[in-house]
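Top to bottom, those sequences are chains A and B. Using our numbering, the first residue of the first sequence is number 25, and each one after it goes up by one. Using our numbering, the first residue of the second sequence is number 367, and each one after it goes up by one. Quick reminder that beta carbons are idealized off the backbone N, C-alpha and C, glycines included. Since the structure is predicted, the reported quantities are computational estimates derived from the model, not experimental observations. Presented below is the structure to which this report refers.
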Amino acid sequence: MDRTVGPREALGAGIIALGVLAILMPLVADQISDTPATVLAGMSVLIGIFVIIAGLASFFVKD
Amino acid sequence: MTAASLRTAPSSRIPLTYVVTLVPVAAALNIVGGTLNTYLKLPTFLDMIGTAVAAIVLGPWWGALVGIVGNIGGALFTGPVLIPFALVNVTGALIWGYGVRSLGMGATVPRFFLLNVIVALVNSVVAAPIVAFVFGGATGHPSDALTAAFAQAGTDLLRATFESSVIVFLADKIITGFVAISIIEALPPDLRRGLRLPEVAGIRPIALALLGTAIGVVIVVLYVLIVPPVPPPA
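Here it is in structure tokens:
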């Protein structure tokens, strides 16, 4: 029988992807806009919101 | 079962092989759709079809993973401008995934249509500040002309960006959602076991995709006819 994955692993993968995005943003911010500080500030807020949503989801996720 | 049939709730655990196979394929579908859209200069995006497929078939957070991987991968082809919009993809994945799998919003065509409208509205809320504050209202997308038209009419930049995003996203997400459903219907039965998807008697999945595409095209044509052509700001 194949190994199975559930919502808990999915949530983990989503959080890892958000982390990768957070790491990547400082590396490309100066290529995206003339004002990288604005890009980073805005993206930090947005990524933070999604991490909070993921944290809340972790309370409710069931396998 | 009558016109719209409901199936049992989706199972929570999925074989790892499905995930390892479907996530990269869905991300590639996003990249291909987005790149084609860029080259054809369509007033849509078409970069979330894979996200919708993964979110509905595998689950919302797998869809979020596909969205981020797809946008980062797409950035290799079209430049880093795509990377901030990964969060728009994540939003769509969460709404499509939870909407269909937890709230039963995919059970009938009208409910699924409503779900796509909700995705478009929430995506506009997330995308508008990114376009307005990060890119100054212009990303090089054909919708910049619409934003410029609203801005010239006296609307402030954030509101103009939001209004143009709503129109473009409405067309894009309706097309995306219904094309995703037709792709899901074509997947092996094991992958869609337990999913509650729109299944109208006598209508094949491809007809659903055509219906969604037709509605999206009508929205695009309406906005092209209504809004006077304005060149995007330099």
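- Residue 397/B has a beta carbon lying at 7 Å or more from every beta carbon in chain A.
- Cβ-Cβ distances below 6 Å link residue 493/B to 454 and 531 in the same chain, with the five nearest sequence neighbours on each side left out; the list follows chain order.
- Close partners of residue 525/B in chain A (Cβ separation under 8 Å) are lacking, with about 17 Å as the shortest Cβ gap.
- For residue 576/B, no chain A residue has a Cβ inside 8 Å of its Cβ, as the nearest lies near 31 Å away.
- Residue 450/B counts as buried, since at least 16 other C-beta atoms from the protein chains shown sit within 10 angstroms of its C-beta.
- Burial of residue 39/A is indicated by the presence of at least 16 other C-beta atoms within 10 angstroms of its C-beta.
- Between the segment 533–550 of chain B and the segment 470–486 of chain B there are three or more C-beta pairs closer than 8 Å, enough to call the two in contact.
- With a threshold of 7 Å between beta carbons, residue 61/A makes no contact with chain B.
- Around the Cβ of residue 559/B, a 10 Å sphere holds fewer than 16 other Cβ atoms; the residue is exposed.
- In terms of CA proximity to residue 469/B, 422/B leads the group 552/B, 422/B and 438/B.
- Contact check between the segment 474–481 of chain B and the segment 539–557 of chain B: three or more CB pairs, one atom from each, fall below 8 Å, which counts as touching.
- 66, 67, 70, 71 and 74: these are the residues of the segment 64–76 of chain A whose beta carbon lies less than 8 Å from some beta carbon of chain B, given in chain order.
- Contact between residue 524/B and residue 495/B holds, with the beta-carbon distance rounding to 7 Å and staying under 8 Å.
- Interface criterion not met: the Cβ of residue 476/B is under 7 Å from no Cβ in chain A.
- With contacts defined by Cβ atoms closer than 7 Å, residue 380/B and residue 395/B do not form a contacting pair.
- The criterion of a C-beta distance shorter than 7 Å is not satisfied by residue 42/A and residue 63/A.
- For the pair residue 444/B and residue 508/B, the Cα-to-Cα distance works out to about 15 Å.
- Contact note: residue 499/B reaches chain A through 62 and 66, using a C-beta cutoff of 7 Å and chain order.
- According to DSSP, residue 555/B shares a beta bridge with no other residue.
- For the segment 35–48 of chain A, residues whose beta-carbon sits nearer than 9 Å to a beta-carbon of chain B comprise 35, 36, 37, 38, 39, 40, 41, 42, 44, 45 and 48.
- Taking each of 510/B, 466/B and 498/B in turn and checking the Cα distance to residue 562/B, the smallest one comes out for 466/B.
- Sequence-distant partners of residue 447/B (beyond 5 residues in either direction) whose C-beta falls short of 7 Å from its own C-beta, in its chain, are 505.
- At the C-beta level, residue 475/B and residue 409/B stay beyond 7 Å of one another.
- Between the alpha carbons of residue 438/B and residue 452/B lies a gap of roughly 8 Å.
- Residue pairing of residue 381/B in beta bridges, as defined by DSSP: 28/A.
- Listed along chain A are 26 and 27, each with a C-beta nearer than 9 Å to that of residue 383/B.
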